[in-house]
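The next block holds one structure in the form of structure tokens; read it before the comments.
There are 2 protein chains.
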Amino acid sequence: MTAQGDQLSQVGEGANRPSLPSGEQRDIPEATVARLALYLRALTSLAERGTATVSSDSLATAAGVNSAKLRKDLSHLGSYGVRGVGYDVSLLSQHIQRTLGLDENRAVALIGFGHLGQALAGYAGFASRGFRIAAIIDTDPELIGSRLRGVTVEHADRLAEVVRRAQISIAVIAVPAAVAQEVCDRLVAAGVTSILNFAPTVLGVPEHVDVRKVDLAAELQILSFHDSRKSHKTLSNNFVGATVDQRMSVVAKSGVIS
Amino acid sequence: MTAQGDQLSQVGEGANRPSLPSGEQRDIPEATVARLALYLRALTSLAERGTATVSSDSLATAAGVNSAKLRKDLSHLGSYGVRGVGYDVSLLSQHIQRTLGLDENRAVALIGFGHLGQALAGYAGFASRGFRIAAIIDTDPELIGSRLRGVTVEHADRLAEVVRRAQISIAVIAVPAAVAQEVCDRLVAAGVTSILNFAPTVLGVPEHVDVRKVDLAAELQILSFHDSRKSHKTLSNNFVGATVDQRMSVVAKSGVIS
DNA sequence: ACGCCCTTGTGAACGCGTTCACAAAATCGT
DNA sequence: ACGATTTTGTGAACGCGTTCACAAGGGCGT
Chain A
1 MTAQGDQLSQ VGEGANRPSL PSGEQRDIPE ATVARLALYL RALTSLAERG TATVSSDSLA
61 TAAGVNSAKL RKDLSHLGSY GVRGVGYDVS LLSQHIQRTL GLDENRAVAL IGFGHLGQAL
121 AGYAGFASRG FRIAAIIDTD PELIGSRLRG VTVEHADRLA EVVRRAQISI AVIAVPAAVA
181 QEVCDRLVAA GVTSILNFAP TVLGVPEHVD VRKVDLAAEL QILSFHDSRK SHKTLSNNFV
241 GATVDQRMSV VAKSGVIS
Chain B
1001 MTAQGDQLSQ VGEGANRPSL PSGEQRDIPE ATVARLALYL RALTSLAERG TATVSSDSLA
1061 TAAGVNSAKL RKDLSHLGSY GVRGVGYDVS LLSQHIQRTL GLDENRAVAL IGFGHLGQAL
1121 AGYAGFASRG FRIAAIIDTD PELIGSRLRG VTVEHADRLA EVVRRAQISI AVIAVPAAVA
1181 QEVCDRLVAA GVTSILNFAP TVLGVPEHVD VRKVDLAAEL QILSFHDSRK SHKTLSNNFV
1241 GATVDQRMSV VAKSGVIS
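Protein sequence lines correspond, in order, to chains A and B. Be aware that the first sequence starts at 1, since it is given in this note's numbering, and climbs by one per residue. Be aware that the second sequence starts at 1001, since it is given in this note's numbering, and climbs by one per residue.
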């Protein structure tokens, strides 16, 4: 199986936009967008190691996908690879970053500063990947006023004000399920248009707002499903586990990624 | 909207759970499995509210999918709905739980007890949904020996021993990326066959092991992609004050959902 | 009993995404 | 200069999953 994150999230738009906005980039398939992040990480890792060019094949293994898929994905963004050689690591990396809109150093609001919120805030890949936590909100008096890397934790009452002033359009919800919808409504009212939701709830939002959710219980349950089936089988026929991609990665790569 | 999962599954033959007399749930599409968790949550919520039966239509809205999809999903597990009436809430709920293997109260190992690990451990939906944290592992001397709901935090050196003794087959990796592969290898060696990985790394595993990953940076980047495109299209209208219609739809939906 | 109305279950069409397989570039060695 | 070699980019086939639309089934009122 695959493995890697899946998710399909829903982008909430109802009416699609057949008409290209003011666009330069043509439509990139959703599945491809979801993988660009993986490629980007692999590329960053390669760059740190001083690699200048990389073939679709080795980049693919590093990212845990197969090479045909990788090439097709890159072709969607009008990639510039060189036949017989491969891709220029830093060039491709920049290209992907631009495509994902990461060159704008986007401001993100973090709502909920409990364990999960703090874990997210401390997540290294945050700042290093084009995101900046511009606001932190909670309701706990113990937390309010504390600072994290220059950002002060504000009370939920000031949510709208803070979000508006910092021109934040992306928010991460890391609050208990019971208050998630309320928080969401306030964020939307304050102008947030993209939400990453960690609370186990289906959020209702207007159609111009995008919600992606990360559902821990669901992930575990999916694992559980496969696991419970595995236990009824003999060792000789379990292909139930890893994907082809992963099998390849086992051979070629453990340790390569960092 | 949503899309989720990729994952190619292929469950080999269909010997089912021996304990089930009539169960012939074989070949459940991966996409369906991923949604069962959502249905289960919605059903639980309905049950708490005392609802006895529910139509595919309202269950679908509660879970955030459309009703045709829901019905097809349920049909894959040989569901027992009643035409003209709907589904029996508690019956369906039990059926899904069995299908996901949640009736076995599965033991899970949590590796890494930093902020993320603690957030996961404190996650309510954990115990309440068929999972039991049977072991917690870390390397920080400050943490080792502390207890959480009867489980003592053990040092990583004892990982194999602890995992083997508790017969754990599912583990959650919540450690820094740099050590994730090593932890993974040890888990596999100790007999773990299903892993939920929060570290931003591609894990190499043998083919009989299933890995799912939750990639925070990737999620944000996907949001960023859509968000950056939206801003081009909406330059002219600032939704800092969403229209009344939009707000109302928020209100209306939120009432329906939980 | 009977017919109306409601809701499920599903065959069929459709669309998206993955995989295959190969022709088109580009480099390198001789 | 040129052929051998490598690796990209992509048209085409395929397969999975979603959506549509409707027949089949079941309850309920009369």
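Ideal Cβ positions, reconstructed from N, Cα and C, are used throughout, including at glycine.
Counting only beta-carbon separations shorter than 9 angstroms, does residue i have a partner in chain B?
i, result
"residue 221 of chain A", "yes"
"residue 140 of chain A", "no"
"residue 64 of chain A", "yes"
"residue 68 of chain A", "no"
"residue 242 of chain A", "Residue placement at residue 242 of chain A cannot be trusted, given a pLDDT of 37 that sits under 50; what the coordinates show is reported in the next sentence. By this cut-off, residue 242 of chain A is an interface position."
"residue 99 of chain A", "yes"
"residue 158 of chain A", "no"
"residue 123 of chain A", "yes"
"residue 183 of chain A", "no"
Based on Cα-Cα distance, which residue from the options lies nearest to residue i?
i, options, result
"residue 33 of chain A", "A/77, A/231, A/45", "A/77"
"residue 1190 of chain B", "B/1175, B/1209, B/1203, B/1174", "B/1209"
"residue 151 of chain A", "A/47, A/162, A/46", "A/162"
"residue 1226 of chain B", "A/221, A/83, A/158, A/106", "A/106"
"residue 217 of chain A", "B/1082, B/1041, B/1028, B/1029", "B/1041"
"residue 1212 of chain B", "B/1184, B/1228, B/1222", "B/1184"
"residue 1109 of chain B", "B/1115, B/1170, B/1050", "B/1170"
Rounded C-beta distance between residue i and residue j? I'm assuming under 8 angstroms.
i, j, result
"residue 100 of chain A", "residue 1194 of chain B", "With a Cβ gap of about 31 angstroms, residue 100 of chain A and residue 1194 of chain B do not count as contacting."
"residue 103 of chain A", "residue 52 of chain A", "Contact flag wrong, Cβ pair sits at about 21 angstroms."
"residue 60 of chain A", "residue 1202 of chain B", "Actually they do not touch by this definition, with Cβ atoms about 11 angstroms apart."
"residue 1112 of chain B", "residue 1174 of chain B", "4 angstroms"
"residue 214 of chain A", "residue 1214 of chain B", "6 angstroms"
Is residue i close to chain A? Criterion is C-beta to C-beta, closer than 9 angstroms.
i, result
"residue 1195 of chain B", "yes"
"residue 1150 of chain B", "no"
"residue 1057 of chain B", "no"
"residue 1094 of chain B", "no"
"residue 1153 of chain B", "no"
"residue 1215 of chain B", "yes"
"residue 1102 of chain B", "yes"
"residue 1230 of chain B", "yes"
"residue 1200 of chain B", "yes"
"residue 1047 of chain B", "no"
"residue 1130 of chain B", "yes"
"residue 1212 of chain B", "yes"
Just the Cα atoms here: how many angstroms apart are residue i and residue j?
i, j, result
"residue 128 of chain A", "residue 1037 of chain B", "33 angstroms"
"residue 95 of chain A", "residue 196 of chain A", "24 angstroms"
"residue 172 of chain A", "residue 84 of chain A", "43 angstroms"
"residue 1220 of chain B", "residue 1119 of chain B", "19 angstroms"
"residue 1091 of chain B", "residue 198 of chain A", "28 angstroms"
"residue 1057 of chain B", "residue 1069 of chain B", "10 angstroms"
"residue 1028 of chain B", "residue 143 of chain A", "46 angstroms"
"residue 1140 of chain B", "residue 1155 of chain B", "8 angstroms"
"residue 207 of chain A", "residue 186 of chain A", "15 angstroms"
"residue 43 of chain A", "residue 93 of chain A", "6 angstroms"
"residue 1188 of chain B", "residue 1030 of chain B", "24 angstroms"
"residue 1228 of chain B", "residue 1026 of chain B", "43 angstroms"
"residue 1055 of chain B", "residue 1098 of chain B", "21 angstroms"
"residue 1065 of chain B", "residue 82 of chain A", "43 angstroms"
"residue 153 of chain A", "residue 1177 of chain B", "27 angstroms"
"residue 1126 of chain B", "residue 168 of chain A", "32 angstroms"
"residue 1192 of chain B", "residue 160 of chain A", "46 angstroms"
"residue 75 of chain A", "residue 67 of chain A", "12 angstroms"
"residue 1179 of chain B", "residue 131 of chain A", "24 angstroms"
"residue 1137 of chain B", "residue 1117 of chain B", "10 angstroms"
"residue 1073 of chain B", "residue 1114 of chain B", "38 angstroms"
"residue 165 of chain A", "residue 1050 of chain B", "44 angstroms"
"residue 1222 of chain B", "residue 222 of chain A", "22 angstroms"
"residue 1039 of chain B", "residue 200 of chain A", "12 angstroms"
"residue 1086 of chain B", "residue 1135 of chain B", "41 angstroms"
"residue 71 of chain A", "residue 1035 of chain B", "30 angstroms"
"residue 47 of chain A", "residue 1047 of chain B", "53 angstroms"
"residue 45 of chain A", "residue 1133 of chain B", "33 angstroms"
Counting C-beta neighbours from all protein chains within 10 Å, is the total for residue i 16 or more, i.e. buried, or is it exposed?
i, result
"residue 230 of chain A", "buried"
"residue 1182 of chain B", "exposed"
"residue 147 of chain A", "exposed"
"residue 1149 of chain B", "exposed"
"residue 1261 of chain B", "Residue 1261 of chain B is absent from the structure shown; chain B starts at 1001 and stops at 1258."
"residue 1145 of chain B", "exposed"
"residue 1080 of chain B", "exposed"
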